[in-house]
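Q:
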Amino acid sequence: MLRYYLKRIILWVFRMGYSRGFGVQSPSAYSFLRYVVNEHYPYYAYQNLKDESGDVSPLITKLSRFYFRMANFSQSEFWYDYKACNDIYQKYVVAGCKSTSFVSFDEIDSIDTFQIARMSLYGDYQKVYNHLASIANNDSLLIIENIKRDKITRKFWKQVVKDNRTFVTYDLYYCGVVFFDSNKCKCNYMVNF
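Residue numbers are given in this note's numbering: position 31 of the sequence shown equals residue 37, and the series is strictly consecutive.
(1) Within the same chain, show all residues whose beta-carbon is closer than 7 Å to that of SER146, passing over the 5 residues directly before and after it, in chain order.
(2) Given a cut-off of 8 Å, decide if ASN152 and SER116 are closer than it, judged by their beta-carbon atoms.
(3) Going by alpha carbons, who is nearest to GLU45 out of PHE72, ASP87, GLN96 and ALA123?
(4) Taking the alpha-carbon of THR172 as reference, which of SER107, ASN189, TYR180 and TYR179 has the nearest alpha-carbon?
(5) With a 10 Å radius around its C-beta and 16 neighbouring C-beta atoms as the bar for buried, classify ASN92 as buried or exposed.
(6) How should CYS103 be labelled, buried or exposed, when 16 other C-beta atoms within 10 angstroms of its C-beta is the threshold for buried?
(7) Would you check if there are 3 or more beta carbon pairs closer than 8 Å linking the region 155 to 174 to the region 49 to 65?
(8) Please classify LEU178 as buried or exposed, where buried requires at least 16 neighbouring CB atoms within 10 angstroms.
(9) Just to confirm, are THR67 and TRP85 a CB contact at a threshold of 8 Å?
(10) Taking all protein chains shown into account, decide if ARG9 is buried (16 or more other Cβ within 10 angstroms of its Cβ) or exposed.
(11) Report the option in LEU148, ILE158 and LYS154 whose CA atom is closest to the CA atom of VAL175.
(12) Following the continuous beta strand (DSSP E) through TYR86, name the residue where it begins and the one where it ends.
(13) Which stretch, first to last residue, makes up the alpha helix (DSSP H) that contains THR106?
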């Protein structure tokens, strides 16, 4: 746990110029960064969810709370999740939007459209990404976890940012968020998350 906090401090120092929407000119990007990504308000369900989840790592808690806010933001009927490492994410997502059904999947053939999906960079993640990017529409968004895990995942994230099917991307270090809205100008934001 000490290692997590030391890493967090170092990341914060290196990314402090990218805090809470500083320097972002797009109103929609600023709003997303300020009120979804870096919202520090203690939501009503955080304490109950923490009590239900037990003793989990600070990173899992941080990501779970972010997914709670993402579910609240998207208000999607389905949340598709590839290679979830635990069931804590499901609890937070469903608490974030009561009308969202959490769908865990390992095979991509059953998905023909999506509004929000999360994937870890394990297994056949390139195939999963290519399928999701090919069926994405302007309302679709994708969360990609572990984008800085190693050299291969960093390279993959750079390919996602350059992909002509993606438009607005957010590098949160622990995960990346991809918007497929073709009405937006192509832009990548580095964020102190």
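From the three backbone atoms N, C-alpha and C, an ideal C-beta is built for every residue, glycine too.
This one's a predicted model, so the numbers in the text were calculated from it and none came from an experiment.
A: Working from what's here:
(1) Mapped onto the sequence shown, residue 146 falls at position 140. The residues are PHE120, GLN121 and PHE186.
(2) The residue labelled residue 116 in the question sits at position 110 within the sequence shown. The residue labelled residue 152 in the question sits at position 146 within the sequence shown. Against a cut-off of 8 Å, the Cβ pair of ASN152 and SER116 comes out as no contact.
(3) Residue mapping note: residue 45 aligns to position 39 of the sequence shown, counting from 1. The option with the nearest alpha carbon to GLU45 is PHE72.
(4) Within the sequence shown, numbered from 1, the residue matching residue 172 stands at position 166. Of all alpha-carbon atoms in SER107, ASN189, TYR180 and TYR179, the one lying nearest the alpha-carbon of THR172 is that of ASN189.
(5) For this step, residue 92 is matched to residue 86 along the sequence shown. Exposed, since its Cβ has fewer than 16 Cβ neighbours within 10 Å.
(6) As a position in the sequence shown, residue 103 is number 97, starting the count at 1. Classification for CYS103: buried.
(7) Verdict: no, contact absent.
(8) Against the sequence shown, residue 178 aligns to sequence position 172. Buried is the call here.
(9) On the sequence shown, position 61 is the one that residue 67 refers to. On the sequence shown, position 79 is the one that residue 85 refers to. Their beta carbons are not under 8 Å apart, which means THR67 does not touch TRP85 by this criterion.
(10) Here the question's residue 9 lines up with position 3 in the sequence shown. Exposed is the label assigned to ARG9, since fewer than 16 other Cβ atoms lie within 10 Å of its Cβ.
(11) Reading the sequence shown from its first residue, position 169 is the one you call residue 175. One point to set straight first is that residue 175 is Thr, not Val, in the sequence displayed. THR175 has its Cα closest to that of LEU148, out of LEU148, ILE158 and LYS154.
(12) Against the sequence shown, residue 86 aligns to sequence position 80. Taken as a continuous stretch (DSSP letters only), the beta strand (DSSP E) holding TYR86 covers 84 to 88.
(13) Locating residue 106 in the sequence shown gives position 100, where the first residue counts as 1. Segment: none, THR106 is in no alpha helix (DSSP H) and carries neither H nor E.
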